[in-house]
Each structure stands twice: as structure tokens, then as C-alpha cells.
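Quick note on UniProt numbering: the sequence shown kicks off at 1 and runs consecutively.
C-beta atoms are modelled at their ideal positions from N, C-alpha and C, and glycine is treated no differently.
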Amino acid sequence: MIYDPDAESVGESSKEPVPTEVSDAIRTLIRWSGDNPEREGLIETPERVARAWREYCRGYGDDPAYHLSRIFHEVGGYDDVVLLKDIPFQSHCEHHMAPIIGRAHIAYLPGDYVVGISKLARVLHAFAHRLQVQERLTSEVANCIWENLKPQGVAVVIEATHGCMTGRGVRTPNVIMKTSRMLGVFRDDEKSREEVLKLIGS
Ligand SMILES: [Zn+2]
Numbered sequence: 001m002i003y004d005p006d007a008e009s010v011g012e013s014s015k016e017p018v019p020t021e022v023s024d025a026i027r028t029l030i031r032w033s034g035d036n037p038e039r040e041g042l043i044e045t046p047e048r049v050a051r052a053w054r055e056y057c058r059g060y061g062d063d064p065a066y067h068l069s070r071i072f073h074e075v076g077g078y079d080d081v082v083l084l085k086d087i088p089f090q091s092h093c094e095h096h097m098a099p100i101i102g103r104a105h106i107a108y109l110p111g112d113y114v115v116g117i118s119k120l121a122r123v124l125h126a127f128a129h130r131l132q133v134q135e136r137l138t139s140e141v142a143n144c145i146w147e148n149l150k151p152q153g154v155a156v157v158i159e160a161t162h163g164c165m166t167g168r169g170v171r172t173p174n175v176i177m178k179t180s181r182m183l184g185v186f187r188d189d190e191k192s193r194e195e196v197l198k199l200i201g202s
């Protein structure tokens, strides 16, 4: 099978017309990188890159809180931690627009409400598909769950590698950056925090 650079993924953005100033900007960047944007292999690249960036950054059109608007009051007596572990995600750093590739672990201790588990991943992706720094991504996910789901505690742990560290600058492959944000009982109560970190495997 030959790799098709025009293989579609998701959304209408793939068909969206690309303004000339956007493709011109990418042609300028190609020239700046040292290549010739007019050579055959690069002729259609500016439009592909433009559409790819609409996809990488589709989180700007996605309201994270919306995913937590359908919550369930009936928890069936469940009063323990809910954990979604090892959620793969991709983001881009706001300093170099380089990929951030990692995994997130999201846990909460329900108050009166629970939410469909896939919604936690949607909240993550809505924030990740923007230009980010890992610290802010971690806080934004935790705060959004805290404010909308009103749980007793939230724990978000993110582990990721940064393209701007592995591919440029200090060039340190395989370095994993880890960030965490604890709220409610996971912040205030050491025993609860230890328990949730043990569940996460951190
Ligand atoms: Zn960076």
C-alpha cells in the first residue's frame, strides 16, 4: 500500500477552502526551511498543512464544558474513585508549534453526579487540540471537571514527550514530562491523594 497524503481523516475542514494568505505563509516557511515550494513534491503541501492545522487545533471550536452538560444523578450507591487511565492524546506546544504526544490519567471522586466515562476524554481532547503548554492543559482539564461535575475530588496526571525537546534544542529523546493537578480531597487529604496516585500507577 502506498501512503496517500490526501487520505481524509475527520470533519469538513478537509474540504474547506484555504485562503491564499495561509498557503502563501506556508510556502514562505518552506523557503525559509531551505527547500523550494515550487518543486513537484511540495506543490500541494501548503494546502495540506493548512487543513492539517485546522484539525490539530479543532479544540478552538469545541466547548469542553459542553461534554459535561449531561450528568447523571443516579450513582447506584457508588462512592469510590472513577479513573480513566492511559488516554492517548496529541497536542502542540505554543512556543514552537511542535507536537506534544502523551497519555493522560483522569480520576474523580463523585459528589452527587457522575458522567459518561468517554466524556472525560472529550474534555481532554477539547483542550489538547489547541496550542498549549502541558502545565496549563493539566489545570484546564482538572478545573473544567471540578467546576462542571462538582465532584469531591479531581486528579489529573499527564505524561508527555515534547517534539521541541526531542527534535531540536537540547535533543533529549525519550524524556517524559509529568504534570499533575489535584483538587478537593485529592489536594487536601494526603491519604486520598496517595490512594489515587497508586490507582493511576504514579
Ligand atoms: Zn515547545
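Note to self: Run the Cβ filter for me: residues under 7 angstroms from any heavy atom of ligand 1, listed in the order they occur in the chain.
What the structure shows: Cys93, His95, His96, Ala98, His162 and Cys164
Next item on the list: Measure the alpha-carbon distance for Ile106 versus Arg58 and round it to whole angstroms.
Entry: 21 angstroms
Next item on the list: For the alpha helix (DSSP H) containing His125, list its first residue and its last residue.
Entry: Ile117 to Ala128
Notebook entry, point to check: Do the region 40–47 and the region 72–80 meet, that is, are 3 or more Cβ pairs less than 8 angstroms apart?
Noted result: no
Next item on the list: Identify, in the order they occur along the chain, each residue of the same chain with its Cβ nearer than 7 angstroms to the Cβ of Pro64, setting aside the five sequence neighbours on each side.
Entry: Val123, Ala126, Phe127 and Cys144
Check: Between Ser192 and the rest of its own chain, which residues show a CB-CB distance below 6 angstroms, the 5 nearest in sequence each way excluded?
Finding: Val185 and Phe186
Notebook entry, point to check: Based on the DSSP secondary-structure assignment, which residues constitute the bridge partners of Leu199?
Noted result: None; Leu199 has no bridge partner.
Next item on the list: Drop a sphere of 10 angstroms on the beta-carbon of Val10, count the other beta-carbons inside from all chains shown, and report buried for 16 or more, exposed for fewer.
Entry: Note that Val10 scores a pLDDT of 49, beneath 50, so its modelled location is shaky and nothing firm can be said.
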